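Novice: Got a structure here, written out as structure tokens. Questions coming.
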Amino acid sequence: MLKVTHKNVHNYFKLNGHHLSADDICKFAYSYIKEGDTDEKFIGEFLLDWFDNKEYIEMRTSGTTGLPKLVRLEKQAMIQSALATGDFFELEPGNKALLCLPVKFIAGKMMLVRSLILGLDLDIVAPSTEPLALNTTNYDFVAMVPLQVQNSIEALKKVKKLIVGGAKMDATLEEKVLSLKAEVYETYGMTETITHIAARKVGENVFSILPNVKIAVDDRGCLVVTVPTISEEPIVTNDLVDIIREDQFLFLGRIDNVINSGGIKLIPEQIEAKLIDKIGSRFFVTGIPDTILGEKLILVIEGEKQEFAPDFFDVLEKYEKPKEIVFVPKFKENENGKLLRKPSLQ
């Protein structure tokens with residue numbers, strides 16, 4: 001069996017409805033760089049990088065596993081990631097797919113790689129908050145961030161399988177997508193793992209890992225990911241998890257967010273899950289310095305000040321109840337719509 005390389009283009013691959021060879025794709029890429037907008041230039045530059053003679057591409061990480069840094073991603077590892085995604089989501093050559101994410105980031109890049117390697121029929125639209133608004137096409141496979149999903153609920157009847165990444169979906173959004181016929185998955189991954197290495201079907205709690213992935217926890221209780229096809233070294237994350245079985249884990253929260261209040265460690269994500277149905281606005285809990293407790297737990301809510309009844313926090317344990325409530329007019333977000341806790345509080 002011949003080894004698939006980055007020079008190969010699957011004979012079922014289409015781009016915007018046209019069968020293209022590697023040479024055709026490079027011509028297309030040049031036109032995007034010369035005449036396209038900012039997002040199209042990123043697409044053109046990536047495609048030229050993909051078909052050059054180097055065995056890797058360079059990317060800056062988002063800082064999920066530490067400080068942002070420049071990393072080399074092996075093209076063969078990206079191919080193996082695409083094949084694993086194809087196996088996990090049962091994608092077939094000729095499936096109709098949509099790229100509506102910025103190719104500046106790994107998720108957008110990998111939609112292109114999957115299409116080239118798996119033979120998907122890929123449409124490209126400009127990244128926007130409503131990517132399906134002017135689109136009547138039916139799609140087998142689409143990747144979005146939560147904000148795009150939020151603005152596309154009605155239009156998602158045209159999608160069979162949807163993967164959502166970049167930020168966590170809140171309970172309200174999950175409730176909306178549960179009513180859809182589409183299979184919707186929240187993905188877990190980072191630049192170092194070449195996009196997702198696990199996915200959770202909406203309505204279920206646990207993440208299931210993709211083929212060729214092994215998981216463990218370190219002495220902090222944080223997830224350690226081993227993917228021999230992607231990285232020779234294990235990838236250590238800052239995500240607290242419970243391993244349910246060898247191929248499934250439950251995400252608890254980020255160790256960076258843990259609050260140590262009077263010697264008691266509190267995981268904000270678990271407290272937030274108890275309040276999600278009770279607070280209509282966006283919110284988060286965090287810790288701020290306190291002379292007695294070391295850190296005190298506070299609740300930060302987006303919007304105007306509001307009053308709460310004395311029994312409002314009865315769903316929480318004694319130590320989980322906020323010592324203070326702070327109201328912020330507008331939360332800060334990154335480009336994927338992910339809430340930035342510290343900048344929002346500041």
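In case it helps, UniProt numbering puts the sequence shown at residues 1 to 346.
Ideal placement from N, C-alpha and C gives every residue a C-beta, glycine not left out.
All of these numbers come straight from a predicted model, not from anything done at the bench.
With which residues is phenylalanine 313 paired in a DSSP beta bridge?
Specialist: None; phenylalanine 313 has no bridge partner.
Novice: Ordered along the chain, which non-local residues of its own chain (more than five positions away) have a Cβ less than 6 angstroms from that of glycine 303?
Specialist: Around glycine 303: Ser281.
Novice: Determine the direct distance from the alpha carbon of isoleucine 243 to that of proline 234, and round the result to whole angstroms.
Specialist: Roughly 16 angstroms separates the two Cα atoms.
Novice: On the three-pair Cβ rule with 8 angstroms, is the stretch 125 to 141 touching the stretch 27 to 35?
Specialist: Contact fails: fewer than three Cβ-Cβ distances are below 8 angstroms.
Novice: Once the 5 residues before and after threonine 65 are set aside, which same chain residues still bring their CB inside 8 angstroms of it?
Specialist: Reliability of the predicted coordinates at threonine 65 is poor, the pLDDT of 46 falling under 50, and the value obtained from them is presented with this limitation in mind. Cβ within range, chain order: Met190, Glu192, Ile235, Val236, Thr237 and Asn238.
Novice: Taking one C-beta from the stretch 36 to 48 and one from the stretch 73 to 89 each time, how about it: are there three or more such pairs within less than 8 angstroms?
Specialist: No, they do not touch.
Novice: Classify alanine 199 as helix, strand or coil using the three-state DSSP reduction.
Specialist: If DSSP states are grouped into helix, strand and coil, alanine 199 belongs with the strands.
Novice: If you follow the alpha helix (DSSP H) that isoleucine 57 is part of, which residue opens it and which one closes it?
Specialist: Here isoleucine 57 belongs to no alpha helix (DSSP H); instead the beta strand (DSSP E) covers 56 to 60.
Novice: Can you say whether lysine 109 is buried or exposed, counting buried as having 16 or more other CB atoms within 10 angstroms of its CB?
Specialist: By the neighbour-count rule (16 or more Cβ atoms within 10 Å), lysine 109 is buried.
Novice: Run through the DSSP bridge pairs and tell me what histidine 6 is partnered with.
Specialist: None, per the DSSP bridge assignment.
Novice: How would you call glutamate 272, buried or exposed, if buried means at least 16 neighbouring beta carbons within 10 angstroms?
Specialist: It is buried - the Cβ of glutamate 272 has at least 16 other Cβ atoms within 10 Å.
Novice: Helix, strand or coil: which one does DSSP assign to isoleucine 243?
Specialist: Looking at isoleucine 243 - three-state DSSP - the assignment turns out to be strand.
Novice: Please list, in chain order, all residues of the same chain as isoleucine 117 whose beta carbon is under 7 angstroms from its beta carbon, the five residues on each side excluded.
Specialist: For isoleucine 117, where only same-chain residues beyond five positions count, the Cβ hits under 7 angstroms are Val4, His10, Ile79, Ala82 and Leu83.
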